[in-house]
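Line order of the protein sequences matches chains A and B.
What the first sequence shows, in this note's numbering, is residues 991 to 1104, in sequence order.
What the second sequence shows, in this note's numbering, is residues 1098 to 1207, in sequence order.
Have a look at the structure below before the remarks.
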Amino acid sequence: NAGVTQTPKFRILKIGQSMTLQCTQDMNHNYMYWYRQDPGMGLKLIYYSVGAGITDKGEVPNGYNVSRSTTEDFPLRLELAAPSQTSVYFCASRNFDGGSYEQYFGPGTRLTVT
Amino acid sequence: DAKTTQPNSMESNEEEPVHLPCNHSTISGTDYIHWYRQLPSQGPEYVIHGLTSNVNNRMASLAIAEDRKSSTLILHRATLRDAAVYYCILYRSNDYKLSFGAGTTVTVRA
Chain A
991 NAGVTQTPKF RILKIGQSMT LQCTQDMNHN YMYWYRQDPG MGLKLIYYSV
1041 GAGITDKGEV PNGYNVSRST TEDFPLRLEL AAPSQTSVYF CASRNFDGGS
1091 YEQYFGPGTR LTVT
Chain B
1098 DAKTTQPNSM ESNEEEPVHL PCNHSTISGT DYIHWYRQLP SQGPEYVIHG
1148 LTSNVNNRMA SLAIAEDRKS STLILHRATL RDAAVYYCIL YRSNDYKLSF
1198 GAGTTVTVRA
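Structure representation (structure tokens):
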């Protein structure tokens, strides 16, 4: 299994541009998540999905959109990029398993908006 | 969400044990204690979790206080590869998400 893969690894955007961060998992997990991590900080949840066709907002959803048309893919869309969206973005997935919350993370996408 | 408190940083020598404390005085009976770590320039990875009893796995041990208001992650013999940020997180079994705080930055000296 490749686990959780993210593309691209790095990206520089100009203010006002748009882009889509790709995330794919091959573990047949129902739950998928997008986080952002600013320098020296913990992760903040942007959006999550509990299954294909179902998405919901996390703590910091403004400026982002998501879709979940398949179990495997959970792309994150940035419209009208702003410098405040400069961050490292992590995608994650997990299966529902009672008390264990083993979440699998991708390697991250480092985004700079200038 | 129930809150956890961890020291900002800890240092250790290679081959020595590391004890990482976590306070969670407002923990509820259904909260599981999870630990994740984040190596430099990588996404977080799961380390261990427990509910009431102490737990061991190949990466670490988790010691949980009898009143569950605190726990300690134990790395038995630190290596340079264990240098990372360690997060202590409470997870409620019917919840959908993890909440990451700032964690403890562990430095391992050769």
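For every residue, glycine included, the Cβ atom is placed at its ideal position computed from N, Cα and C.
Keep in mind it's a predicted model, so treat the numbers as computed, not measured.
On the criterion of 16 or more Cβ atoms from any shown chain inside 10 Å, does Phe1000/A qualify as buried, or is it exposed? exposed
Residue-level contact to chain A via CB, Pro1104/B, 7 Å cutoff: no
What are the boundary residues of the beta strand (DSSP E) that includes Arg1100/A? Thr1099 to Val1103
Hey, is Ala1180/B's beta-carbon within less than 7 Å of any beta-carbon in chain A? no
Do Gly1096/A and Trp1012/A count as a contact pair if the criterion is CB distance below 7 Å? In the sequence as displayed, the identity of residue 1012/A is Gln instead of Trp. No, Cβ-Cβ distance for Gln1012/A and Gly1096/A is not below 7 Å.
What is the DSSP secondary structure of Asp1046/A, reduced to helix, strand or coil? strand
Below 8 Å CB to CB, which residues in the same chain sit around Gly993/A once its five sequence neighbours on both sides are set aside? Gln1015, Asp1016, Met1017, Tyr1094 and Gly1096
Where does the unbroken beta strand (DSSP E) through Gln1012/A begin, and where does it stop? Met1009 to Gln1015
Which one of Pro1065/A, Ala1042/A and Gly1053/A has the shortest CA to CA distance from Ser1059/A? Ala1042/A
Spell out whether any CB of chain B is found under 7 Å from the CB atom of Phe1064/A. no
Buried versus exposed call for Ile1044/A [16 or more other C-beta atoms within 10 Å across all chains shown]: exposed
Which residue marks the beginning of the beta strand (DSSP E) containing Leu1136/B, and which one marks its end? That residue, Leu1136/B, is in no beta strand (DSSP E); it is neither H nor E in DSSP.
Three CB pairs or more closer than 8 Å across the segment 1104–1111 of chain B and the segment 1059–1071 of chain A: no
Strictly under 7 Å for the Cβ-Cβ distance: is Gly1043/A near chain B by that measure? no
Whole angstroms is fine: what's the gap from Trp1024/A's alpha carbon to Ala1072/A's? 18 Å
Which chain B residues are close to Met1031/A, counting only those with a beta carbon under 7 Å from its beta carbon? Ala1199
Just the C-alpha distance for Ala1199/B and Lys1100/B, rounded to the nearest angstrom, thanks. 12 Å
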